[in-house]
Amino acid sequence: MKLFVVTATNLRDGAIRWLGAGNIWQPLLANAQPFDAAGIVPALAFGAAEISAQRVIGVYQVEVRRAPDGLDPLSTRERIRAFGPTVHPEFSYAPATSGLGV
Amino acid sequence: MDTATQIRTPSAAAEAGIYHYDALDHAFITRRVEAFREQVQRRLSGALSEDEFKPLRLMNGLYLQLHAYMLRIAIPYGTLSSKQMRALAHVARKYDRGYGHFTTRQNIQYNWIKLEDAPAILADLASVGMHAIQTSGNCIRNVTTDQFAGAAADEIVDPRVYAEILRQWSTLHPEFSFLPRKFKIAITGSGHDRAAIAVHDIGIRARSGPGGAVGFEIFVGGGLGRSPFLGRRLADWVPEADLLGWLEAVLRVYNQYGRRDNIYKARIKILVHEVGIDRLREQVEEEFARIRGPKYRLDPEIVETIRRHFAPPAFAALPAVSPALEQARAGDPAFARWTRSNLTPHRQPGYAAVTISLKPTGGIPGDATSEQMEAVAALADRYSFGEIRVSHEQNLVLAHVRQDDLPALWRELGRHGLDAANAGLVGDIISCPGLDYCALANARSIPLAQDISRRFADLDLQHRIGPLKIKMSGCINACGHHHVGDIGILGVDKHGVETYQITIGGTATEEAALGQVVGPAVGYDQVADVVEALVALYLERRGEGESFLQTVARIGVRPFKEKVYGAAA
Amino acid sequence: MALLLKDGQPVGDSWTHLDDAAGAVPEGPVIVSLDRWRRDRAALITRNTPVGVRLKSNQLAPEIAADLARFALVALEFPRFRDGRAFSTARELREHHGYTGEIRAFGHILPDQYQFLVRTGFTTVELPDGAGLASWRHALAEIDVAYQAGVAGDAPLSLLRRKLATGPK
Ligand code: SF4
Numbered sequence: 881m882k883l884f885v886v887t888a889t890n891l892r893d894g895a896i897r898w899l900g901a902g903n904i905w906q907p908l909l910a911n912a913q914p915f916d917a918a919g920i921v922p923a924l925a926f927g928a929a930e931i932s933a934q935r936v937i938g939v940y941q942v943e944v945r946r947a948p949d950g951l952d953p954l955s956t957r958e959r960i961r962a963f964g965p966t967v968h969p970e971f972s973y974a975p976a977t978s979g980l981g982v
Numbered sequence: 208m209d210t211a212t213q214i215r216t217p218s219a220a221a222e223a224g225i226y227h228y229d230a231l232d233h234a235f236i237t238r239r240v241e242a243f244r245e246q247v248q249r250r251l252s253g254a255l256s257e258d259e260f261k262p263l264r265l266m267n268g269l270y271l272q273l274h275a276y277m278l279r280i281a282i283p284y285g286t287l288s289s290k291q292m293r294a295l296a297h298v299a300r301k302y303d304r305g306y307g308h309f310t311t312r313q314n315i316q317y318n319w320i321k322l323e324d325a326p327a328i329l330a331d332l333a334s335v336g337m338h339a340i341q342t343s344g345n346c347i348r349n350v351t352t353d354q355f356a357g358a359a360a361d362e363i364v365d366p367r368v369y370a371e372i373l374r375q376w377s378t379l380h381p382e383f384s385f386l387p388r389k390f391k392i393a394i395t396g397s398g399h400d401r402a403a404i405a406v407h408d409i410g411i412r413a414r415s416g417p418g419g420a421v422g423f424e425i426f427v428g429g430g431l432g433r434s435p436f437l438g439r440r441l442a443d444w445v446p447e448a449d450l451l452g453w454l455e456a457v458l459r460v461y462n463q464y465g466r467r468d469n470i471y472k473a474r475i476k477i478l479v480h481e482v483g484i485d486r487l488r489e490q491v492e493e494e495f496a497r498i499r500g501p502k503y504r505l506d507p508e509i510v511e512t513i514r515r516h517f518a519p520p521a522f523a524a525l526p527a528v529s530p531a532l533e534q535a536r537a538g539d540p541a542f543a544r545w546t547r548s549n550l551t552p553h554r555q556p557g558y559a560a561v562t563i564s565l566k567p568t569g570g571i572p573g574d575a576t577s578e579q580m581e582a583v584a585a586l587a588d589r590y591s592f593g594e595i596r597v598s599h600e601q602n603l604v605l606a607h608v609r610q611d612d613l614p615a616l617w618r619e620l621g622r623h624g625l626d627a628a629n630a631g632l633v634g635d636i637i638s639c640p641g642l643d644y645c646a647l648a649n650a651r652s653i654p655l656a657q658d659i660s661r662r663f664a665d666l667d668l669q670h671r672i673g674p675l676k677i678k679m680s681g682c683i684n685a686c687g688h689h690h691v692g693d694i695g696i697l698g699v700d701k702h703g704v705e706t707y708q709i710t711i712g713g714t715a716t717e718e719a720a721l722g723q724v725v726g727p728a729v730g731y732d733q734v735a736d737v738v739e740a741l742v743a744l745y746l747e748r749r750g751e752g753e754s755f756l757q758t759v760a761r762i763g764v765r766p767f768k769e770k771v772y773g774a775a776a
Numbered sequence: 419m420a421l422l423l424k425d426g427q428p429v430g431d432s433w434t435h436l437d438d439a440a441g442a443v444p445e446g447p448v449i450v451s452l453d454r455w456r457r458d459r460a461a462l463i464t465r466n467t468p469v470g471v472r473l474k475s476n477q478l479a480p481e482i483a484a485d486l487a488r489f490a491l492v493a494l495e496f497p498r499f500r501d502g503r504a505f506s507t508a509r510e511l512r513e514h515h516g517y518t519g520e521i522r523a524f525g526h527i528l529p530d531q532y533q534f535l536v537r538t539g540f541t542t543v544e545l546p547d548g549a550g551l552a553s554w555r556h557a558l559a560e561i562d563v564a565y566q567a568g569v570a571g572d573a574p575l576s577l578l579r580r581k582l583a584t585g586p587k
């Protein structure tokens, strides 16, 4: 079964957000709520409403898998968004679940 | 303190070659900041949607990247005063994470900016005459030039005078601020082209004619990206007085006839390609004949006034050879090595232009911390008339240093991790931010640059290899100029996996050429091996004094291909 | 009806935009598309009432040069604010063809472009629906220095720079 999370960018500071339980935006992927293909639809609708409310921008879904220590996006791009740039370990958001060459 | 040092103690007036804003220029940029502050307020309050706000923020250099907003500040033709450099350091410390990134367009970018801080940052920068106007959007972008302008021994005409004229002319140009696509102009005044004019929308070579008259050779339609082209010669000799009229004519033809139906075909290079250089020349000449007249004439008085801003600083009369320098060289091999790679001959006897490499082993190309920026500002005050340049190779330059002062300067640079003896060598890698920061990227570039630079950590090896430019881009937009590297590396996305296409034999100098693909794209983990293999083959096969390009030209791509796909397979 | 702005002030509009599909030509001054002008040229001339022509952004000045004396107004469209061709068209009309009638901008235009419109020779702007008059007036007054010669031949100040007469008059 494919797993997804909803991500966005916070308007005020441009920081990355993940949609967590109870429709609360979370700074860390670890706190994101995973959805299946059906569950993602209302979550994206909530995201669209948040755009209209001028709280976030650029809402979209990201495919993830369950790794031993948490959710892990499939694409390199989303892993960099989730865990931070690979070139400044001191700026990482969370330890990369399976390492991005840091 | 000896008297010579006292005389050279800095003051604002000592800044050489800086175009100083007057009250009106300041009023102009301050008003821009206030207008933007109001726009940001309206955005944060929800009065403006992202669709409405995006063009406004882009007009002020504010992009949205992977992790945060990114602010790009213009450094006109790459020239900064020490005071401006200190302001950049202040912004990095107060609003970013303590560093800034110098780009291949001689600008600086901050990667961790908050929208709500952007107006305050622009206000702080406006107080030192800096801004972000025209660092994005389909307008005429920051004009770039030779980082050794006004210093290089081989210079014929000081390009900064004309770069400043072009900066003024292109600032909020009423007709050319909504072109089909962005428009980049580079100008050089030397026989040896360090401004890469062949890969710009317009490239200008300033020349001197009979009786010392200045004129310009103009190239059009160069550019990298998805369809790379080298510029074609549009005019052999445009007299100084006609420069602006000529450019107006080119831009007007482009604004009307450049394609707007497809973003990938909108640059002027495609127009040149589609209508042909001869037809374009006819159109431009026709247009120029119509607009020629006092209105567009570049008045010699204006040129003179601006030239005075770039008058040579108060050089001391010195012997051509500095015994202090020779002695230090003989006594310290590390210093001697640095002088071999990081100095450029100066037109003034007893002086040298110094390249401060922002490419330490394993470092992020073009990054400087606040402390480093402040250190460079202090060294510029002490040793180079308070003036700093940014090169398109993402290094910094102190253009006018006394040769006697070089040993002391080098020691101080070393204290701040700024003494890498690799300018122009294999460790001096040009790299765009790539997927670690850039929202458009396909693949990472910085960590690969770091990897490659560690492979060549041995500086003696780098010096043995000699001049060799590695250039890397994280996507086909080619901000890292990969097409014109001796070795070019381009990140491509293969079903979510980072892969890299390698080219060899490109150059952006007066013999400009585009690199040729070596073979199938390789994976992230193979890139550094491939680069090592290419360099190894060059060392094996090069003739006496032969450059990488000459070797590629002589033996062809084939042997390199065999070496790589033997090595990487 | 769209608000018409001249020198930063709302002004009355005596012109009617005529659709290509509309059959009969109404009373009073009308603005027609270039197609319609070509089709109904003779009839529009004999009407003896001022006529204006409306150009799409890809219809450039040379297309109407021969008939320019017949137009009391030329309206230039901005289909998207990013499409800046009309800035050149206006300038060509003024500087090459010596056109002295009204040049009007309409379509998708931002207040930040108002100053540029004025400096390339536009006379009036049809404000997009819902546009705030205040930001348009403000945009005209905001920047009062320019670094190039405009169509109106602004007075030189120093270097390349010119002082503009700005703001609503
Ligand atoms: S080349 Fe591509 S990845 Fe690199 S900075 Fe430019 S747009 Fe971003």
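Residue numbers (our numbering), protein chains in the order written: chain B, 881 to 982; chain D, 208 to 776; chain P, 419 to 587.
Cβ coordinates follow ideal geometry from the N, Cα and C atoms, glycine included.
Note that this is a predicted model, so its numbers are computed, not measured.
Please state the DSSP three-state secondary structure of residue i.
i	result
D/Glu753	coil
D/Arg312	coil
B/Val885	strand
D/Ser397	strand
P/Asn476	coil
D/Phe436	strand
D/Tyr644	coil
D/Met277	strand
D/Asn602	coil
P/Leu619	Nothing in the structure corresponds to residue 619 of chain P, since chain P is present only between 419 and 587.
P/Gln427	strand
D/His516	helix
D/Gly430	strand
Distance check for residue j and residue i, CA to CA, integer angstroms please.
i	j	result
D/Ile320	D/Leu295	13 Å
D/Ala230	D/Ala527	41 Å
D/Gln272	D/Ala646	5 Å
D/Ala221	B/Leu899	Since pLDDT at D/Ala221 reaches only 44, below the 50 mark, its modelled position is unreliable, and the value read off the structure follows with that caveat. The alpha-carbon atoms of D/Ala221 and B/Leu899 are separated by roughly 55 Å.
D/Trp617	D/Phe542	7 Å
D/Lys290	D/Gly465	41 Å
D/Phe260	B/Thr966	31 Å
P/Phe534	D/Gln341	15 Å
D/Val737	D/Ala648	22 Å
Bridge partners for residue i per DSSP, in chain order?
i	result
P/His435	P/Ile449
P/Phe496	P/Gly525
D/Ile836	This structure cannot speak to residue 836 of chain D, because chain D is shown only from 208 to 776.
B/Asn890	B/Val936
B/Ala912	B/Gly900
B/Phe963	B/Phe963 is not bridged to any residue.
D/Ala720	D/Thr714
According to the neighbour-count rule (16 or more other Cβ atoms, all chains shown, within 10 Å of its Cβ), is residue i buried or exposed?
i	result
P/Ala557	buried
D/Asp626	buried
D/Lys301	exposed
D/Lys768	buried
P/Ala523	buried
B/Met881	exposed
D/Arg547	exposed
D/Tyr180	Within the shown structure, residues of chain D are numbered from 208 to 776, placing residue 180 of chain D beyond reach of any answer.
D/Ala715	buried
B/Ala928	exposed
D/Lys701	exposed
D/Val704	exposed
D/Gln248	exposed
D/Arg661	exposed
Let me check you understand the geometry: is the CB of residue i closer than 7 Å to at least one non-hydrogen atom of the ligand FMN?
i	result
D/Glu493	The ligand FMN is absent from the structure shown, which contains only the ligand SF4.
Quiz item: Which residues count as close to the ligand SF4 when the rule is a CB under 6 Å from any of its heavy atoms, in chain order?
Solution: D/Cys639, D/Pro640, D/Gly641, D/Cys645, D/Leu647, D/Ala648, D/Ser680, D/Gly681, D/Cys682, D/Asn684, D/Ala685, D/Cys686, D/Gly687
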